[in-house]
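Here the structure is laid out as structure tokens; the discussion comes afterwards.
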Amino acid sequence: MVRFTVLASGSKGNSTVVTGGRTRILVDAGLSCRELFRRMKLAGEDPGTLDAIVVTHEHQDHINGLAVIARRLGIPVYFTEATHRAWMRWLTPRRQMSYAQWLEQCRRQAAERQAETRTVDEEGEPDEPESAVEVQASAEISKASVNAGSAQSDPTPQDPVKSDPAWLPAVEYFQAGQPFAIGDLNVSPFTIPHDAADPVGFVFTAEGVRMAFATDLGYVTPNVRAQLKGVDLLLLESNHDLEMLRDGPYPWSVKQRVLSRVGHLSNEAAAGFLASAYDGQAAYVILAHLSESNNLPELARVAAERALAGRASLLANRLLVAAQHEPLSAIHF
Ligand SMILES: [Zn+2]
Ligand SMILES: [Zn+2]
13 MVRFTVLASG SKGNSTVVTG GRTRILVDAG LSCRELFRRM KLAGEDPGTL
63 DAIVVTHEHQ DHINGLAVIA RRLGIPVYFT EATHRAWMRW LTPRRQMSYA
113 QWLEQCRRQA AERQAETRTV DEEGEPDEPE SAVEVQASAE ISKASVNAGS
163 AQSDPTPQDP VKSDPAWLPA VEYFQAGQPF AIGDLNVSPF TIPHDAADPV
213 GFVFTAEGVR MAFATDLGYV TPNVRAQLKG VDLLLLESNH DLEMLRDGPY
263 PWSVKQRVLS RVGHLSNEAA AGFLASAYDG QAAYVILAHL SESNNLPELA
313 RVAAERALAG RASLLANRLL VAAQHEPLSA IHF
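Counting in my numbering, the sequence shown runs from 13 upward without gaps.
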């Protein structure tokens, strides 16, 4: 069985379930745990059967519910190492400090490192660092996982979440350009140009079916173009209409960011790819990550239809538009 279910797509949260054989993975965890479970039920998917979460990049709309969902289901999270680090930094809000305060912090950290080394030498294991901020943060996380209905009993002082707000049941690293397998699903991550630490798109393969996932990219690089060849399903970003963005409510700096080579793909750019570089082989083309402020589903659809120029039919290039607030019907192969 091969199935592809978009649960949410857009700047307020992204999540998709990909099923291949007996394996089921969640691509990005941008919804809260509660909302994710609600949408999965709506789409006929069972949260309890998820085997893993794979993450494209650390922007909030892709990782908002990550820790709670992974802990609740007790499943591993697949990241690149740089994305994992960036996610951990996101969990620990940065504070402004003066130069003097920064020097003082460096001195303190050096002293802590020395003390740690001594502890390791003497006892074989480092002490857990503990500060007021960490205790506060972990208390909040523990509360969140209890509220989410965690099957675990009340957190004890030994609870891993208590000492580390970034605690996950298991973490697996992958690298762009190096395919790997999760159960019956093959996962091929590729680099995309986007303003995150180490963002990737994916091609998922199961039972000979290839499903490509490419959102949050400033432009279609030659490598991305190569990755999107010969796929049976193409999920492609169609973020904004250029005119709507230009005349829209965003401040100038944000408009520049969206339009940049590490921003988001416009309807026009997605259509340009579909018209000139796309091989037309997919059964389904899903337009995704549409902006709610700077796009309309009909504008995205018309631009893509025009680009496909009659190649869209019931048998090939069936065009769908993924939504922010409701799941798309599951696609079966
Ligand atoms: Zn995004
Ligand atoms: Zn992003």
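Note that the Cβ used here is the ideal one computed from N, Cα and C, for glycine as well. Since the structure is predicted, the reported quantities are computational estimates derived from the model, not experimental observations.
Item, Value
"Under 8 Å: does the beta carbon of H69 sit that close to some heavy atom of ligand 2?", "yes"
"How is S303 classed by DSSP in three states: helix, strand or coil?", "coil"
"Measuring CA to CA, which of H337, Q190, L320 and G56 is closest to N329?", "L320"
"Mind checking D58: buried by the 16 CB within 10 Å criterion, or exposed?", "exposed"
"DSSP three-state call for T203: helix, strand or coil?", "strand"
"Pop quiz: T203 and A300 are said to be a contact at Cβ under 8 Å. What is the actual Cβ separation, rounded to whole angstroms?", "The Cβ separation is near 19 Å, so there is no contact."
"Taking the alpha carbon of L48 as the point to measure from, which residue in L331, L248, K24 and E93 has its own alpha carbon closest?", "K24"
"Examine ligand 1 and report whether any of its heavy atoms sits within less than 8 Å of the Cβ of N307.", "no"
"Quick check: the Cα distance between R34 and T61, rounded to an integer number of angstroms?", "9 Å"
"If you measure from the CB of H96, is any heavy atom of ligand 1 nearer than 8 Å?", "no"
"Which value, in whole angstroms, describes the spacing of the CA atoms of H344 and H206?", "30 Å"
"CB of A208 to nearest heavy atom of ligand 2: below 8 Å?", "yes"
"State buried or exposed for D259, treating a residue as buried only when at least 16 other CB atoms are found within 10 Å of its CB.", "exposed"
"According to DSSP, what are the bridge partners of L327?", "Note: L327 sits in no beta bridge, so no partner."
"Identify the continuous alpha helix (DSSP H) that holds I75 and give its terminal residues.", "Q72 to I75"
"Could you tell me the alpha carbon to alpha carbon distance between R313 and R101, rounded to whole angstroms?", "37 Å"
"Rounded to the nearest angstrom, what separates L78 and M52 at their Cα positions?", "15 Å"
"Measuring straight from C-alpha to C-alpha, what distance separates T17 and T28?", "6 Å"
"I'd like the span of the beta strand (DSSP E) that includes E249, first residue to last.", "L245 to E249"
"As a quick exercise: from E184, G189, F216 and L277, pick the residue whose alpha carbon is nearest that of V199.", "F216"
"Between the alpha carbons of A218 and E124, how many angstroms are there, rounded?", "49 Å"
"Which one of S325, D253, E255 and V236 has the shortest CA to CA distance from L247?", "V236"
"Do Q293 and G220 have their C-beta atoms closer together than 9 Å?", "no"
"If A324 sits next to L332, beta carbons under 8 Å apart, how far is it from one beta carbon to the other, in whole angstroms?", "About 10 Å; that fails the 8 Å criterion."
"Which same chain residues end up closer than 6 Å to P141 when comparing Cβ atoms and leaving out the 5 residues on each side of it in sequence?", "Low local confidence applies: a pLDDT of 40 at P141 is under 50, so the model's placement there is unreliable, with the coordinate-based value given in what follows. Same-chain partners within the cutoff: there are none."
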